[in-house]
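Chains as they are written, first to last, in our numbering: chain A, 12 to 580; chain B, -15 to 313.
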């Protein structure tokens, strides 16, 4: 019989603002048992993070627990009945009792280890602090030894060195390991993990998930794991709580949630994730590329593309360093073909995208573009300005729809701007064109008078797409076009892009770190690693039978949204 | 660490040269020179002056030489530690500066300490208890401090001191102790004179320091690393001082450099009102009568103070922020 560690009953956490009260958590209940992982899954704004922070009373201002109970069960040794039951919801947020709960019962790890660790203190210093809070009488030297030992348990290669280093000297994965070491330094019973792998690369994510899994079973921790990623849930959860708009709409065992989801929202969430596991139905209408290869010539031919950044340091420019962000990359894009460029952070995929659209100047190689009149144009070294047709024919979709739209321009002005610059339409004609574009991307033409802040993330990305297709382009470079969106919106956005492709004869260069997007959207894939191409081929060939070691590792690391597909860790 | 300081000192030498050159150019900007000022002074007093004598005066002090030549001669002297000869006082500038510099450093140093010691705790308090009664009181006092001109505050203080307590504020020492050997009496007499300029000088700077500390700290308070520290179970005040306050201090530390000279120049009017024997009034006299060597000498001292202040802030930042340490290594 597993012991109950935490019991949340009808918890309500509100954020009173000037005009309204945001009911971030609106009456949720769940239990957490020893040695189990409870995944709280939901999309942005579901209140999952506020729920986690309520448990430690570390809500951002002006968040406040207004009702409900958070019953923490403390046990002595191996007793089966609790020695004390504490209602955390009744404790003051800065009270001594609350501090004791944080020092010995519950620890938390966060999404972004770079900003969640202090940059002014060494990792060892921050871990030692947690140890000394738990064991006030321990000598500082012993605490340091213990910190190094903890870092060793986190499988860091040189724990003594890491202890003396500052967080900004470590890689993202190492930082998160140091964070976990700090959380476990207080020997907690409960670990709350708030999206701990979202900011990490997928291969690093797999390592951290495996580490957490190992620690959970060896220490008998109860883990509350907050995530938006259905794949991660399928990978690590024992039980699942699905949150939507501040409420837990469904809770149950992993298998029962995945095999027999009851609530419509759960079904929608699972379906959105699982939909990305196979090619989009819309893709069937695209002419298979192989059959046309013989008589169709590529719209873009990239050969030995290189981009080197010069990093300068020192007063006199001494200590010159070079960074080869893109190094000898070659691939073709056929007309109406979707080529996916996949890689982790630092692989050079975004730099390459920027070279194609002319935001960076390539340092080496060539990019031959076949224009509308079937002539070849060299993109490398060409300055695009004024009325250059390239600016109309090769367009870009950006990652973050919140920063990609000027907040001081109306949607009509934003979408109309490239048309005005191309001088293809003016006045009433321009307005009609903008209205047409808005309905093409599934928005209403009357929305053109509004400003971007009035739109949700998904709607903004539609505006970004409308701006990209405003000048009747032929080649679109999409840089992580779906990563800023919730799962349920990703498939929709990709479908929209495919529909537009069928109507407007587009070709896409699709940059992503997400294998499922590639599977859903692309015909061929280019795998990049540290600036170089490690593997290219059709999506089927590369994803089902990868030949390069890195590709194999990358694909194996992706958590699939299906519990029966998980490889044992 | 030593390499870092050496690099800084090299940069400082260049900066020092640039500062003296610009200071010299600015002093040259107003029309006329010491000789013309002297002539107008004398004629204003009703006397006639012989044009030949004016020429002699010019020749004597090389006032006719080209600008760059005069700069070269003067800067050469500065490098040898000779600030030149004050025409207005008929005394070497070195001697004038040396007589006022200790007083100046004493008053301004204490003002600085007073400012930091009072303003930073108040700033921290009003950030942590944002929108509390205490925050509003501190803010109101702060705004009044910024708004009231220092000389007016000094005058008010003198009036209150005289009308209510019969004390005459002014100067740094009573007559009987001037030139006397150090004794307990002399020390307490100095303390009785010092508080007024420190209070007046501190009030204005303190107000802005409170606002800056508050704003910096408010930026840091909601950062994730503060939440992490709280989640560890640190007591609130200990965590505030160890994490966000330390980060919020960096911008303040960077400002030490220009705070030192600005204290001297902004205190000039106050020093005149309170009859303080410091460098401020000396600079003003030098500029008024176009005594190039005197004004230039005081400016050189201020430049050196700026550079020392900058060096101090660099060293403190080096200690405070490991990012500086790592990138300097």
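Where is the CB? At the ideal position from N, CA and C, for every residue including glycine.
Within chain A, partners of residue i - CB distance below 9 Å
i              : result
residue 206(B) : 71 and 72
residue 227(B) : 129, 131 and 132
Burial state of residue i, where buried means 16 or more other Cβ atoms lie within 10 Å
i              : result
residue 146(B) : exposed
residue 315(B) : No answer is possible for residue 315(B): it lies beyond the span of chain B, which begins at -15 and ends at 313.
residue 562(A) : buried
residue 128(B) : exposed
residue 198(B) : buried
residue 560(A) : exposed
residue 262(B) : buried
residue 35(B)  : exposed
residue 557(A) : buried
residue 218(B) : buried
residue 231(B) : buried
residue 37(B)  : exposed
residue 245(B) : buried
Amino acids of chain B, ordered along the chain, whose beta-carbon sits closer than 9 Å to that of residue i
i              : result
residue 130(A) : 209, 231, 305, 306 and 307
residue 123(A) : 208
residue 6(A)   : Residue 6(A) cannot be examined here, being either before or after the span of chain A that is shown, 12 to 580.
Contact set between residue i and chain B, taken where Cβ atoms lie within less than 7 Å
i              : result
residue 361(A) : Residues of chain B passing the Cβ test: none, with the nearest at roughly 25 Å.
residue 126(A) : 207, 208 and 209
residue 110(A) : 217 and 219
residue 119(A) : 215
residue 67(A)  : 215
residue 141(A) : 216
Spatial neighbours of residue i in its chain, beta-carbon cut-off 6 Å, leaving aside the 5 residues before and after
i              : result
residue 285(A) : 572
residue 375(A) : 317
residue 236(A) : 48, 50 and 204
residue 1(B)   : none
residue 403(A) : 433 and 482
residue 8(B)   : 55
Spatial neighbours of residue i in its chain, beta-carbon cut-off 8 Å, leaving aside the 5 residues before and after
i              : result
residue 423(A) : 442, 445, 459 and 460
residue 554(A) : 526, 529, 530, 536 and 566
residue 271(B) : 11 and 279
Beta-carbon neighbours of residue i, restricted to chain B and to distances below 8 Å
i              : result
residue 113(A) : 214, 215, 216 and 217
residue 144(A) : 216, 217 and 218
Nearest-angstrom beta carbon gap, residue j and residue i [assumed within contact, 8 Å]
i              : j              : result
residue 482(A) : residue 436(A) : The Cβ separation is near 10 Å, so there is no contact.
residue 190(A) : residue 215(B) : Contact doesn't hold; Cβ gap of about 11 Å is too wide.
residue 213(A) : residue 355(A) : 7 Å
residue 487(A) : residue 408(A) : 6 Å
residue 65(A)  : residue 141(A) : At roughly 21 Å, the Cβ-Cβ gap does not stay under 8 Å, so residue 65(A) and residue 141(A) are not in contact.
residue 513(A) : residue 287(A) : Rounded, the Cβ-Cβ distance is 19 Å, inconsistent with contact.
residue 351(A) : residue 521(A) : 5 Å
residue 247(B) : residue 185(B) : 7 Å
residue 121(B) : residue 191(B) : Not confirmed; about 13 Å, so no contact.
residue 18(A)  : residue 42(A)  : 5 Å
residue 189(B) : residue 99(B)  : 5 Å
residue 137(A) : residue 193(A) : 6 Å
residue -8(B)  : residue 203(B) : Actually they are not in contact, since the Cβ atoms of residue -8(B) and residue 203(B) sit about 27 Å apart, beyond 8 Å.
residue 184(A) : residue 218(A) : 6 Å
residue 24(A)  : residue 76(A)  : 5 Å
residue 533(A) : residue 545(A) : The pair is not a contact, with the Cβ atoms about 17 Å apart (cut-off 8 Å).
Amino acids of chain E, ordered along the chain, whose beta-carbon sits closer than 7 Å to that of residue i
i              : result
residue 220(B) : The structure shown contains no chain E; the protein chains it does contain are A and B.
Residues of its chain near residue i, where Cβ-Cβ distance is below 7 Å and the 5 sequence neighbours each way are ignored
i              : result
residue -10(B) : none
residue 244(A) : 50, 52, 238 and 251
residue 279(A) : 499
residue 226(B) : none
(request) Tell me, please, whether the stretch 271 to 283 of chain B touches the stretch 71 to 81 of chain B by the rule of three or more beta-carbon pairs shorter than 8 Å. (result) yes
(message) Three Cβ pairs or more, each shorter than 8 Å: is that satisfied between the stretch 49 to 66 of chain B and the stretch 244 to 256 of chain B?
(response) no
(message) Is it the case that the stretch 355 to 371 of chain A contacts the stretch 541 to 549 of chain A, given that we only count it when at least three CB pairs across the two stretches are under 8 Å?
(response) yes
(request) Please confirm if the stretch 147 to 167 of chain B is in contact with the stretch 66 to 78 of chain B, defined as three or more CB-CB distances below 8 Å between the two stretches. (result) no
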